[in-house]
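In UniProt numbering, the protein residues as written are 1 to 312.
One structure is given below, encoded as structure tokens.
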């Protein structure tokens, strides 16, 4: 392998020096020219890292809020990083210059923000723990353009907005997942994936949100090592689907909550056949799904039948 074809060295795991703060959110710069990402901490600090030659170097850090709840790079102005706090404040910074572009103070009884999504140049949408979706514009006084919230009498069980996505149709349809759901639009926004806390991913055709197109479970497994006996046990199940990350129009990453971080790459080209295989597996009784005796018994019967036919 020549030096030109040598694969780029991947960065090693690293622990950023954030003291007692916890990492609340991570956001990657939407650029193919630079490998950079930002993290927001529970202590209100934002740190900006550059990945170079397999190492992560902090190039910017500053305290923006009391607690950073979520971050979002503006896809139409990649240098602008939007941040929202648990106290209801909203800020926009230029990470290239380090200067603050806009600041919007929290309004009375503003619930903590839970997600952000850039929808156009200077504009973005936010979801909060009160079940509201808001559209913002940093050129407008006060920033807030409009607020959308379903009627509480019709959606009495509606809780926090957990994730939001936007379509590329003429109406720029905005989708929101509530409570424990998450979603992503793919295939040039002709289909939508919705993750649930039951470990099942639902697929919808665009403009046919009243009926589920398909559904398939997300299986994970991990090996546990007993500290006393050093015995290994393999656990499998259907953990809650927590987050989607779209790599391309045909590939997404699914993050699940199974006590540890589990990432799974899905090719969406064969999603129908994959769903059929997973659903067929669920029809098998639980005691027989992972039983090696079942497989060996079937194989023995098959061989016995074959020998009997040969004798005839």
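Glycine is no exception: its CB is placed at the ideal position from the N, C-alpha and C atoms.
Predicted model, so just to flag it, every value in this text is computed and none were measured.
Backbone CA spacing between residue i and residue j [nearest angstrom]
i: residue 83; j: residue 207; result: 31 angstroms
i: residue 50; j: residue 88; result: 29 angstroms
i: residue 239; j: residue 141; result: 44 angstroms
i: residue 36; j: residue 29; result: 6 angstroms
i: residue 249; j: residue 256; result: 21 angstroms
i: residue 217; j: residue 162; result: 20 angstroms
i: residue 199; j: residue 213; result: 17 angstroms
i: residue 91; j: residue 43; result: 16 angstroms
i: residue 76; j: residue 104; result: 20 angstroms
i: residue 120; j: residue 197; result: 31 angstroms
i: residue 34; j: residue 110; result: 35 angstroms
i: residue 143; j: residue 136; result: 5 angstroms
i: residue 129; j: residue 122; result: 24 angstroms
i: residue 148; j: residue 132; result: 6 angstroms
i: residue 262; j: residue 164; result: Annotation note: pLDDT 48 at residue 262 (below 50); position unreliable, no value reported.
i: residue 125; j: residue 173; result: 12 angstroms
i: residue 112; j: residue 55; result: 34 angstroms
i: residue 205; j: residue 166; result: 14 angstroms
i: residue 81; j: residue 203; result: 31 angstroms
i: residue 94; j: residue 116; result: 17 angstroms
i: residue 59; j: residue 106; result: 29 angstroms
i: residue 190; j: residue 243; result: 20 angstroms
Exposure of residue i, with buried meaning 16 or more beta-carbon neighbours within 10 Å
i: residue 134; result: buried
i: residue 108; result: exposed
i: residue 361; result: As shown, the chain starts at 1 and ends at 312. That puts residue 361 outside it, with no answer to give.
i: residue 22; result: exposed
i: residue 41; result: buried
i: residue 118; result: buried
i: residue 254; result: buried
i: residue 39; result: buried
i: residue 315; result: Residue 315 cannot be examined here, being either before or after the span of the chain that is shown, 1 to 312.
i: residue 252; result: buried
i: residue 52; result: exposed
i: residue 176; result: buried
i: residue 245; result: exposed
i: residue 27; result: buried
Cβ pair residue i, residue j closer than 8 angstroms
i: residue 45; j: residue 63; result: yes
i: residue 241; j: residue 195; result: yes
i: residue 127; j: residue 114; result: yes
i: residue 215; j: residue 192; result: no
i: residue 138; j: residue 178; result: no
i: residue 146; j: residue 71; result: no
i: residue 391; j: residue 96; result: Limits of the chain in this structure are 1 at one end and 312 at the other, which puts residue 391 out of reach.
i: residue 57; j: residue 85; result: no
DSSP-derived helix/strand/coil call for residue i
i: residue 141; result: coil
i: residue 159; result: coil
i: residue 317; result: Lying outside 1 to 312, the shown extent of the chain, residue 317 is not represented and no answer is given.
i: residue 110; result: coil
i: residue 60; result: strand
i: residue 24; result: strand
i: residue 40; result: strand
i: residue 205; result: strand
i: residue 212; result: coil
i: residue 77; result: coil
i: residue 65; result: coil
i: residue 217; result: strand
i: residue 45; result: strand
i: residue 72; result: strand
i: residue 34; result: coil
i: residue 122; result: coil
i: residue 132; result: coil
i: residue 313; result: Because the chain in this structure spans residues 1 to 312, residue 313 falls outside the shown range and cannot be described.
i: residue 98; result: coil
i: residue 257; result: strand
i: residue 147; result: strand
i: residue 250; result: coil
i: residue 199; result: coil
i: residue 29; result: coil
is_contact[residue i, chain C] using C-beta, thresh 8 angstroms
i: residue 131; result: Considering every chain present, this structure includes no chain C. It has just one protein chain.
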